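Heads up: the sequence shown begins at 139 in this note's numbering, then just goes up one per residue. Beta carbons: idealized from backbone N, C-alpha and C, even for Gly. No experiment lies behind these values; they were computed from the predicted model shown.
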Amino acid sequence: MGKSKRKIETVIFFAAIILLWQVLYSLGTGVLGIWKSYAMPSPLGVWECFLRLLGDGTLLQSIGNSLLRGFTGYLIAIILGGLIGFLMNHFGYLHRNLRPLVMGIQTLPSICWVPFSILWFGLTEQAIIFVVVMGSAFSLSVAVDNAIRNVPPIYKKAALTMGANKKQLYRKVILPASLPELVSGLKQGWSFAWRALMSGEVMTTCIGLGQTLITGRNLADINQVMFVMIVIVLTGIVIDQTIFRGLEKWVYRKRPVS
Numbered sequence: 139m140g141k142s143k144r145k146i147e148t149v150i151f152f153a154a155i156i157l158l159w160q161v162l163y164s165l166g167t168g169v170l171g172i173w174k175s176y177a178m179p180s181p182l183g184v185w186e187c188f189l190r191l192l193g194d195g196t197l198l199q200s201i202g203n204s205l206l207r208g209f210t211g212y213l214i215a216i217i218l219g220g221l222i223g224f225l226m227n228h229f230g231y232l233h234r235n236l237r238p239l240v241m242g243i244q245t246l247p248s249i250c251w252v253p254f255s256i257l258w259f260g261l262t263e264q265a266i267i268f269v270v271v272m273g274s275a276f277s278l279s280v281a282v283d284n285a286i287r288n289v290p291p292i293y294k295k296a297a298l299t300m301g302a303n304k305k306q307l308y309r310k311v312i313l314p315a316s317l318p319e320l321v322s323g324l325k326q327g328w329s330f331a332w333r334a335l336m337s338g339e340v341m342t343t344c345i346g347l348g349q350t351l352i353t354g355r356n357l358a359d360i361n362q363v364m365f366v367m368i369v370i371v372l373t374g375i376v377i378d379q380t381i382f383r384g385l386e387k388w389v390y391r392k393r394p395v396s
């Protein structure tokens with residue numbers, strides 16, 4: 139009963155937002171004349187855009203292509219970032235000297251990597267994936283380093299006292315103990331990857347959500363721009379709720395946290 143009530147509250151909340159949006163649009167464009175109708179999106183205009191893009195197949199193709207590129211780049215970033223993070227944690231020299239550089243690079247906006255991607259790969263799928271990798275790998279490396287470093291030292295000492303070797307220490311102690319923080323790092327890495335993906339797609343001619351958004355801008359179709367923004371947000375929410383939320387629940391079930 140509680141879940142049903144929360145769902146009804148959620149529906150009412152978003153219905154109220156849409157209604158308020160439509161009222162503000164009508165007042166601003168019709169009654170008060172604050173802005174032009176072509177410069178302000180409306181709920182009805184966004185809905186019409188949804189039907190149009192769904193009908194001609196652009197919507198599903200864009201979502202599918204973006205998810206494929208996003209996950210491809212993200213998986214590569216996990217491998218690269220995980221390796222860098224492990225090396226920084228394992229070698230004190232790298233932790234002292236490489237980590238500050240990695241921390242600095244991860245603050246770069248993803249758009250900074252677009253010129254390199256175009257020069258090196260052209261307007262191709264590889265260029266977009268490169269931006270995704272560079273936009274998220276360094277965040278993931280810092281997360282891996284932090285997750286391993288934050289494992290309580292007593293766990294390691296106890297395992298070594300019991301005769302565990304290096305392989306057993308990492309597999310049986312460090313990895314399970316660092317899993318909750320690793321999952322949080324993976325979640326943050328995905329958010330970086332998803333944003334980087336949009337930066338890469340708007341600069342190329344490959345069909346995707348970013349390109350569909352920029353097409354709306356080129357056509358001065360503010361409703362299409364707004365609709366694609368909503369799709370980007372909703373896709374991110376769905377990925378978070380279906381993949382990372384489930385992964386978090388699994389980790390905390392396996393490793394209860396007080």
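Our contact map puts residue i next to residue j with C-beta atoms below 8 Å; I'd like the distance itself, whole angstroms only.
{"i": "V280", "j": "V240", "result": "6 Å"}
{"i": "G346", "j": "R144", "result": "G346 to R144, Cβ: 34 Å. No contact."}
{"i": "A177", "j": "I352", "result": "Not a contact, Cβ separation roughly 17 Å."}
{"i": "F268", "j": "F259", "result": "6 Å"}
{"i": "M226", "j": "L236", "result": "6 Å"}
{"i": "M336", "j": "V252", "result": "With 8 Å as the limit, M336 and V252 do not qualify as a contact, their Cβ atoms being about 11 Å apart."}
{"i": "I286", "j": "I312", "result": "6 Å"}
Taking its Cβ as the centre, do 16 or more other Cβ atoms sit within 10 Å of residue i, making it buried, or is it exposed?
{"i": "D283", "result": "buried"}
{"i": "G323", "result": "buried"}
{"i": "S127", "result": "Examination of residue 127 is not possible in this model, given that the chain is present from 139 through 396 alone."}
{"i": "I370", "result": "buried"}
{"i": "A315", "result": "buried"}
{"i": "N288", "result": "exposed"}
{"i": "L84", "result": "Residue 84 is absent from the structure shown; the chain starts at 139 and stops at 396."}
{"i": "T299", "result": "exposed"}
{"i": "G195", "result": "exposed"}
{"i": "Q379", "result": "exposed"}
{"i": "G193", "result": "exposed"}
{"i": "V395", "result": "With a pLDDT of 47 at V395, under the threshold of 50, the modelled position of this residue cannot be trusted; read the value that follows with caution. Its Cβ having fewer than 16 others within 10 Å, V395 is exposed."}
{"i": "S390", "result": "Here the sequence assigns Tyr to residue 390, which means Ser is not the residue at that position. Looking at its Cβ environment, which holds fewer than 16 other Cβ atoms inside 10 Å, Y390 is exposed."}
{"i": "G301", "result": "exposed"}
{"i": "G384", "result": "exposed"}
Look at residue i and residue j and say whether their C-beta atoms are less than 8 Å apart.
{"i": "W159", "j": "T167", "result": "no"}
{"i": "G273", "j": "R333", "result": "yes"}
{"i": "L278", "j": "I214", "result": "no"}
{"i": "S204", "j": "E339", "result": "yes"}
{"i": "A297", "j": "K310", "result": "yes"}
{"i": "I201", "j": "T343", "result": "no"}
{"i": "K295", "j": "L307", "result": "no"}
Which residues in the same chain as residue i place their Cβ atom closer than 8 Å to its Cβ, once the five residues preceding and following it in sequence are excluded?
{"i": "F188", "result": "L197 and F365"}
{"i": "Q199", "result": "I345"}
Ordered along the chain, which non-local residues of its own chain (more than five positions away) have a Cβ less than 6 Å from that of residue i?
{"i": "G223", "result": "S279, V282 and D283"}
{"i": "Y231", "result": "none"}
{"i": "I249", "result": "S337"}
Take residue i and list the residues in its own chain whose beta-carbon comes closer than 7 Å to its own, dropping the five residues that flank it on each side.
{"i": "G354", "result": "Q362, V363 and V366"}
{"i": "S255", "result": "A265, F268, V269 and G338"}
{"i": "A358", "result": "Y176"}
Cβ contact (3+ pairs, closer than 8 Å) linking the segment 240 to 251 and the segment 182 to 198:
no
Would you check if the segment 302 to 320 and the segment 249 to 263 touch, i.e. whether three or more CB-CB distances between them fall below 8 Å?
Output reads no: the segment 302 to 320 does not touch the segment 249 to 263.
Taking 8 Å as the cut-off, does the segment 147 to 162 touch the segment 326 to 333 (at least 3 CB pairs, one atom from each stretch)?
no
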